[in-house]
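Protein chains: 2
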Amino acid sequence: MVQSEQHAALPLSKASTVIAYETIKSAIHRTPIFSSSTLSASLPNANTLYFKAENLQKGGAFKFRGASFSLSQLTSGELAKGNHAGALALAAKERGVKCYVVMPNNSAKPKVDAVRGYGAEITFCEPNARARAATLAAVQARTGATFVPPYDAVNTILGQGTALLELLEQAPEPLAAVFAPVGGGGLLAGTALAAEGSGVRVFGAEPAGADDCAQGLREGKRREDVQAETIADGLRTPVGVLNFPIIQERVERVMVVSDEETAEAMRLMWERLKLVVEPSGAAAFAAVRSKAFQELGITGPVGVIISGGNVDLSQPLPWFK
Amino acid sequence: MVQSEQHAALPLSKASTVIAYETIKSAIHRTPIFSSSTLSASLPNANTLYFKAENLQKGGAFKFRGASFSLSQLTSGELAKGNHAGALALAAKERGVKCYVVMPNNSAKPKVDAVRGYGAEITFCEPNARARAATLAAVQARTGATFVPPYDAVNTILGQGTALLELLEQAPEPLAAVFAPVGGGGLLAGTALAAEGSGVRVFGAEPAGADDCAQGLREGKRREDVQAETIADGLRTPVGVLNFPIIQERVERVMVVSDEETAEAMRLMWERLKLVVEPSGAAAFAAVRSKAFQELGITGPVGVIISGGNVDLSQPLPWFK
Chain A
51 MVQSEQHAAL PLSKASTVIA YETIKSAIHR TPIFSSSTLS ASLPNANTLY
101 FKAENLQKGG AFKFRGASFS LSQLTSGELA KGNHAGALAL AAKERGVKCY
151 VVMPNNSAKP KVDAVRGYGA EITFCEPNAR ARAATLAAVQ ARTGATFVPP
201 YDAVNTILGQ GTALLELLEQ APEPLAAVFA PVGGGGLLAG TALAAEGSGV
251 RVFGAEPAGA DDCAQGLREG KRREDVQAET IADGLRTPVG VLNFPIIQER
301 VERVMVVSDE ETAEAMRLMW ERLKLVVEPS GAAAFAAVRS KAFQELGITG
351 PVGVIISGGN VDLSQPLPWF K
Chain B
51 MVQSEQHAAL PLSKASTVIA YETIKSAIHR TPIFSSSTLS ASLPNANTLY
101 FKAENLQKGG AFKFRGASFS LSQLTSGELA KGNHAGALAL AAKERGVKCY
151 VVMPNNSAKP KVDAVRGYGA EITFCEPNAR ARAATLAAVQ ARTGATFVPP
201 YDAVNTILGQ GTALLELLEQ APEPLAAVFA PVGGGGLLAG TALAAEGSGV
251 RVFGAEPAGA DDCAQGLREG KRREDVQAET IADGLRTPVG VLNFPIIQER
301 VERVMVVSDE ETAEAMRLMW ERLKLVVEPS GAAAFAAVRS KAFQELGITG
351 PVGVIISGGN VDLSQPLPWF K
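Note that the protein sequences, when read in sequence, are chains A and B.
Here the first sequence is numbered in the numbering used here, starting from 51 and rising by one per residue.
Here the second sequence is numbered in the numbering used here, starting from 51 and rising by one per residue.
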């Protein structure tokens with residue numbers, strides 16, 4: 051059993067996202083950006099859209115960025131849980147380190163298969179927070195591995211912020227705004243940090259069925275209780291302790307979208323972009339299309355971070371539900 | 051009413067596909083290529099796969115190449131029918147020329163909407179060959195427009211061949227083989243021409259429910275009667291008069307795949323490549339996975355042309371059927 055050492059923590063800043071990007075650049079995919087004149091034309095403000103296709107990232111989601119950067123800051127040993135298990139297992143495999151994953155026993159089969167395919171050792175737990183914490187503790191005690199949190203951690207946030215840095219390099223013109231979905235808040239907080247000084251206004255997108263972040267922002271205090279009824283399975287997580295204040299300080303607004311709006315946005319993206327986009331990835335586009343955003347009168351180009359493309363294709367698509 | 055003039059026809063040769071490519075290069079998308087180590091590892095010969103994503107082409111399919119080149123060879127006026135209507139309407143719109151389209155009255159709504167959205171004038175006909183020919187003649191008589199055939203025409207074939215030229219430029223290593231689906235045979239014949247002198251072995255993929263080309267090759271004579279019962283709606287067309295002898299001469303073999311194999315390949319591509327791929331586009335990958343191909347023992351890299359991504363998302367996906 052190998053003990054791991056961690057590098058000194060970086061500050062939560064734009065400069066740190068740049069360091070993260072330099073660190074993981076050679077390990078990640080530089081995912082392409084997509085535009086669609088039809089989708090742009092359908093918006094009241096006709097914003098030119100630049101979709102950042104993180105569904106084409108390794109592991110099928112932006113999570114690989116945070117996982118890669120987190121791993122790069124460890125010398126050995128790690129442990130994953132939750133949604134980013136696939137990304138972490140893959141990043142660990144590519145670095146040749148052992149990965150242990152704790153997953154709820156009702157996880158979708160493709161997700162379990164992917165994690166297993168990347169060579170990680172899975173321990174299943176009951177699908178609730180208490181069982182997960184207990185199993186996690188047991189696995190850590192047994193293996194001595196280091197826990198790599200899926201969103202509520204400095205390195206994860208910095209890694210996720212690199213998607214926007216890349217998008218800003220790729221977009222042929224300056225963006226007026228950027229949208230990222232918010233579940234745990236790793237992607238949105240990272241995006242907000244990375245946007246510093248760029249003049250890009252940062253917006254979040256959250257499903258109405260799990261809108262703890264938007265509620266917390268209204269109330270000035272992170273909510274710890276969360277309902278989570280939404281098709282956007284990646285966004286059911288409550289926003290993290292580290293993530294919330296960054297969002298509070300740097301994100302202009304978190305737009306709340308209904309599952310119907312998300313499903314409609316998802317279908318439009320599949321039809322027009324020809325990309326398999328998961329509901330969480332479509333939520334950000336749904337927010338761009340929302341009256342709430344369009345009424346702000348922003349007419350410039352808008353970036354949309356497609357968080358991922360991990361859809362369970364053994365289930366009917368959401369617009370059939 | 052404007053009379054159109056056509057340039058002198060180019061010979062059916064590799065050199066002509068190169069001319070076609072130079073001509074249309076600035077009008078088309080240079081579509082990206084995709085790899086997947088998981089999909090490659092699943093093959094008995096572990097061929098490295100390079101998918102040419104023509105589903106990301108303008109209009110959502112390779113058809114835009116042939117339509118663009120055909121239009122470039124006209125001075126004005128044109129008329130479309132059939133499957134390539136969307137591509138032609140879009141190419142015509144971009145060139146600012148008037149487009150008339152004849153479509154069967156049972157065409158899928160998204161297809162009709164797309165054609166209309168590109169500003170073409172649609173005349174509907176009964177969904178059979180006789181009605182189509184009669185309507186086509188009537189529209190031509192009324193408008194004086196030039197008919198642009200969807201596959202059985204020199205310029206269409208040359209334009210479609212440019213997808214392989216581009217793939218060969220993009221692939222980081224020489225290909226051992228390339229697969230293209232065959233319906234009317236524009237893409238496969240063009241691919242075969244473009245492959246000349248490259249050392250790439252060319253294979254076709256045809257659904258068992260519409261395998262007139264494979265049958266014709268066995269019998270040494272193009273079949274004119276075709277059944278057409280397959281989920282691969284783009285491949286229901288009988289192979290064309292010009293196309294067949296090119297395929298006969300230059301394609302090593304046309305592999306026949308079942309609809310089940312195509313649906314399975316399609317699902318794998320959606321899951322792993324995160325691309326919306328139409329059944330016709332998946333047929334080529336199904337053929338790569340087939341025992342018939344894998345038993346040839348080719349171990350080198352294989353190109354797979356994803357013909358398009360025009361899927362009717364209002365219908366259940368094929369693996370639910």
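Note that CB positions come from ideal geometry on N, CA and C, so glycine has one too.
- The beta strand (DSSP E) runs lying completely inside the region 180-242 of chain B and spanning 3 residues or more are 227-231, given in chain order.
- Contact annotation: B/Gly234 and B/Gly290 have beta-carbon atoms nearer than 7 Å.
- Using a Cβ-Cβ cut-off of 9 Å, B/Gly146 is close to nothing in chain A; its nearest Cβ partner there is about 16 Å away.
- Among the residues of chain B, none has a CB under 8 Å from the CB of A/Asn155; the nearest is roughly 22 Å distant.
- Between A/Arg115 and the set A/Gly270, A/Leu208 and A/Phe253, the nearest pair of CA atoms involves A/Leu208.
- The DSSP-derived three-state label of A/Leu89 is helix.
- Within chain B, the C-beta atoms nearer than 8 Å to that of A/Phe370 come from Pro366, in chain order.
- Taking a Cβ-Cβ cut-off of 7 Å, B/Leu93 has no neighbours in chain A, whose nearest Cβ is about 15 Å from it.
- Three or more Cβ pairs closer than 8 Å define a contact, and the region 341-360 of chain A falls short of that threshold against the region 346-363 of chain B.
- Of all residues in the region 303-332 of chain A, only Arg317, Trp320, Glu321, Lys324, Leu325 and Val326 place a beta-carbon less than 7 Å from a beta-carbon of chain B.
- Contact annotation: in the region 154-179 of chain A, residues whose CB is within less than 8 Å of a CB in chain B are Pro160 and Gly167.
- In the pairwise beta carbon analysis, the region 64-75 of chain A is classified as touching the region 211-219 of chain A: at least three pairs are separated by under 8 Å.
- Separation of the CB atoms of A/Met319 and A/Phe335 is rounded to 6 Å, and the pair is thereby assigned contact status at 8 Å.
- A contact between stretches requires three or more CB pairs, one per stretch, nearer than 8 Å, and the region 286-301 of chain B fails this requirement with the region 311-327 of chain B.
- The beta carbons of B/Glu256 and B/Val232 sit closer together than 7 Å.
- Here B/Val327 has Asn105, Met316, Met319, Trp320, Ile356 and Gly359 as same chain residues with Cβ atoms under 7 Å from its own Cβ, once five neighbours each way along the sequence are excluded.
- Under the 7 Å criterion on CB atoms, A/Asn293 is classed as non-interfacial with respect to chain B.
- Counting other Cβ atoms within 10 Å of its Cβ, B/Phe253 reaches 16 or more and is therefore classed as buried.
- Per the C-alpha coordinates, the member of B/Asp309, B/Ala111 and B/Arg272 positioned closest to B/Leu237 is B/Ala111.
- For A/Glu171, the enclosing beta strand (DSSP E) has its first and last residue at Glu171 to Cys175.
- As computed with DSSP, B/Gly254 is found in a beta bridge with B/Ala230 and B/Val304.
- Contact between the region 69-83 of chain B and the region 266-279 of chain A is absent, with fewer than three C-beta pairs closer than 8 Å.
- Around the beta carbon of A/Arg286, 16 or more other beta carbons sit within 10 angstroms, so the residue counts as buried.
- The secondary-structure analysis by DSSP pairs A/Ala103 across a beta bridge with A/Ile356.
- Close to B/Leu363, with beta-carbon spacing below 9 Å, are these residues of chain A in chain order: Arg317, Trp320, Glu321, Leu367 and Trp369.
- Looking at the backbone, the Cα of A/Leu186 and that of A/Ser330 are separated by about 26 Å.
- With at least 16 other beta carbons inside 10 angstroms of its own, A/Pro199 counts as buried.
- Under the criterion of beta carbons closer than 8 Å, B/Lys102 and B/Ile83 qualify as touching, at roughly 6 Å.
- The residue among A/Val307, A/Ser85, A/Val152 and A/Ala221 with its C-alpha nearest the C-alpha of A/Ala183 is A/Val152.
- Cα atoms of B/Pro177 and A/His134: separation of roughly 49 Å, rounded to the nearest angstrom.
- Listed along chain A is no residue with a C-beta nearer than 7 Å to that of B/Pro199; the closest approach is about 26 Å.
- Between the alpha carbons of B/Ala260 and B/Pro288 lies a distance of about 8 Å.
- Beta-bridge annotation (DSSP): B/Ile83 is paired with B/Lys102.
- Put simply, the CB of B/Gly359 is near chain A, with a gap under 7 Å to one of its CB atoms.
- Look at A/Asn105: its C-beta is under 7 Å from a C-beta on chain B.
- Distance from the CA of A/Glu310 to the CA of A/Thr193, rounded to the nearest whole angstrom, comes to 44 Å.
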